[in-house]
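To start, the structure under review is shown below, and the notes come after it.
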Amino acid sequence: MRSKILVIFLLFSMLTACASNKDKESALLIEKSNTGNYDIVIPYEMSSTREYHTQYANSSEDFDTIGSRLLEISKEYFPTNEYVLGEGSVITYNRLIQLVGRESDTQEMGLNPRRGENLDIGVKGVEMVNAVLIRDVVEQDFYKMKDGQAELAGISLCVVLNPVQDVVRDGKTTEYTLSDDFLFDYGTMMSRKLDRYMRTLGESRDVPILITLYVNGESGSYVPGYMLGKALFKDRTPSFERMNEKWVLFPSNEATSIDSDNTAQFSTFKSALSEFIEDDVGVVGIAFYEENTLQKLNITVQYTHKTYVELVSIIQYCSTLLETFGNDTFDIMVHFKNQSQTKAIVLKYAGSQESIVVSMN
């Protein structure tokens, strides 16, 4: 088997970088570990909004997806070889609370509808009053180095939209899932308002601002939400670009209908793992599609091993199975878990014939 074992000393590397530059007063960098990633500005400063983001994310899947997708999209506008990455700093906690609040005579910057306002969602006989459509605004900052100092040179924002709302139909209150068209229209309108607000702040008055729209996944769902639109605000008010992406559960009827070949490969992989060990092995996947093309497949294998040799054996077998998995255009990541604890990760990158095993022990 051609799998490789990786041992990662990230914390040690970070401490070494800090220690070797401890006498410098100018900004320091943690250099990227892989081509295509950003260098990181240090000392790292935590965002004052971090607790809010964790509290109001629909799920850990949404929480992680918002950050990772925003960062990936940002690379189109703020190239990794020109910018370095820092935590969001312009939208403070107090500013965020105002933004996700309702618009009112005393809070004009609120991005949610005024109390008592009835929004037309395009469905006859349905009223939506007191909706909270924007749940969060996530910020990532990008800097350029000048004379050893990090200067803010770009901002990325993600406006997080809540698709499930209480509506009144035939006199009864019920839940209703808003269409992407409605969310896109409302999100673009509020994004322009958000940009106008950002231009009133000294820190962000003159920097390019990327604003994206994200639709939350269903509460408690295994599948996260998706990006719906994006626009770069720079010298003029831009047109928003509609995005076409989604996550799909494997196995599912939806997966079979849109991607029968990869669904069949996944089913073969799942059956082989289940037959390898007599005990129950749980295998589930979520696949990310962009413009109807599979970009990555994340698989979780849940198995309670009784001996360490059992664990090593099933991980090595998984690695061998992946080497026969046709994934010329998408990455595969397999998480091996014992209850909630990750024991190992197996990676197979697009076009590669080899898998990589990252051991957590």
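Counting in my numbering, the sequence shown runs from 657 upward without gaps.
Note that the Cβ used here is the ideal one computed from N, Cα and C, for glycine as well.
Burial is judged here by how many other beta carbons sit within 10 angstroms of a residue's own beta carbon; Asp720 has fewer than 16 and is exposed.
The beta-carbon distance between Tyr708 and Leu752, rounded to whole angstroms, is 6 Å. This is short enough to meet the 8 Å contact definition. Relative to Glu795, the option among Lys780, Glu783, Arg725 whose CA is nearest is Arg725. For Lys886, the uninterrupted beta strand (DSSP E) run begins and ends at 882-889, by DSSP. The beta carbons of Phe889 and Gly810 sit about 11 Å from each other, so the pair does not count as a contact at 8 Å. Contact annotation: Gly1007 and Asp987 have beta-carbon atoms that are not nearer than 7 Å.
A residue is called buried once 16 or more other Cβ atoms fall within 10 Å of its Cβ, and Ala1000 is buried on that count.
Taking C-alpha positions only, Thr960 is separated from Leu850 by approximately 48 Å.
In chain order, Asn774, Val823, Val824 place their CB closer than 7 Å to the CB of Glu783, counting only its own chain and leaving out the 5 sequence neighbours on each side. Per DSSP, reduced to three states, the secondary structure at Leu741 is strand.
Using a 10 angstroms sphere on the CB of Ser860, the tally of other CB atoms reaches 16 or more, which defines it as buried.
Met784 has Leu775 as its beta-bridge partners, per DSSP.
If you ignore the 5 residues before and after Thr705, its C-beta comes within less than 6 Å of the C-beta of Tyr749, Leu752, all in its own chain and listed in chain order. Phe840 and Glu946 have their C-alpha atoms some 17 Å from each other. Per DSSP, Thr830 is one residue of the beta strand (DSSP E) stretching across 828-833.
Going by DSSP, Tyr870 is part of no alpha helix (DSSP H) but of the beta strand (DSSP E) stretching over 865-871. If one requires a minimum length of 3 residues, the beta strand (DSSP E) runs lying completely within the segment 975-1001 are 987-994, in chain order. When secondary structure is reduced to three states using DSSP, Glu946 falls in the strand class.
DSSP places Phe906 in the strand class (E or B) of the three-state scheme. In this structure, DSSP gives Ala920 a helical state, which the three-state scheme calls helix.
For Phe798, the enclosing beta strand (DSSP E) covers residues 790-802. Counting along the chain, the unbroken beta strand (DSSP E) around Asp822 starts and ends at 820-825. For Val820, the closest of Val863, Asn872, Gly804, Ser996 by C-alpha to C-alpha distance is Asn872.
The Cβ-Cβ distance between Leu755 and Val815 does not fall below 7 Å.
For Leu839, the enclosing alpha helix (DSSP H) begins and ends at 836-854. With contacts defined by Cβ atoms closer than 7 Å, Asn768 and Val788 form a contacting pair.
Beyond the five residues adjoining it in sequence on each side, Val740 comes within less than 8 Å, by CB distance, of Leu685, Tyr694, Asp695, Ile696, Val697, Phe798, Tyr799, Lys800, Met801, Ala806 in the same chain, given in chain order. The residue from Phe896, Gly827, Phe981, Lys902 with its alpha-carbon nearest to that of Asp917 is Phe981.
Straight-line measurement puts the Cα of Val904 at about 21 Å from the Cα of Tyr832.
Looking at the backbone, the Cα of Lys886 and that of Gly757 are separated by about 22 Å. Between Ile955 and Val937 a beta carbon distance of about 12 Å is seen, past the 8 Å cut, so the two are scored as non-contacting.
For Asp915, the number of other beta carbons within 10 angstroms of its own is at least 16, and it is reported as buried. In this structure, the CA atom of Met1016 is about 20 Å from the CA atom of Leu977. One Cα belongs to Glu1010, the other to Ile971, and the distance between them is close to 14 Å. The beta carbons of Phe906 and Phe925 sit no closer together than 7 Å.
Beyond the five residues adjoining it in sequence on each side, Gly843 comes within less than 6 Å, by CB distance, of Val815, Leu817, Leu869 in the same chain, given in chain order.
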